[in-house]
Amino acid sequence: MEPHRPLKPLWVCAGCGDPWPCAVARLLLRARHETDRVRLYVLLTAVFAQAARDLYTLNPYDTPRPHALFARFVDWSDPRFR
């Protein structure tokens with residue numbers, strides 16, 4: 007099992023405790039999907055939607071703003087989105 011995986015529904019890294027995807031998870035995801043960036047983007051978009059649901063369900067009064075979640079889960083994956 008990969009140590010830098012997300013602990014759901016909190017969406018923190020099992021390996022380091024940082025918000026997931028942590029820096030190491032981002033490197034691993036980029037390397038794993040190096041030849042298929044579209045697949046990475048689709049995966050991260052699905053993860054973004056799941057995380058938004060989970061975090062809202064846990065605490066609807068203190069959920070991160072949508073643009074902050076998008077930056078955390080999707081935006082970092084491709085420099086064209088910045």
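7 is the number of the first residue of the sequence shown in my numbering; add one for each residue after it.
Where a beta carbon is used, it is the ideal one built from N, C-alpha and C, also for glycine.
Note that this is a predicted model, so its numbers are computed, not measured.
Counting the other Cβ atoms within 10 Å of the Cβ of His10 gives 16 or more, which makes it buried. According to the DSSP assignment, Asp60 belongs to the alpha helix (DSSP H) that extends over 43-64. For the pair Pro12 and Trp26, the CB atoms are nearer than the 7 Å cut-off.
In this structure, the alpha-carbon of Tyr67 lies about 19 Å from that of Phe54.
Nearest to Val80 by C-alpha distance, out of Thr63, Thr69, Ala58, Tyr62, is Ala58. Counting the other CB atoms within 10 Å of its CB gives Ala52 a total below 16, which places it among the exposed residues. Here Val30 carries a helix assignment [DSSP, helix/strand/coil].
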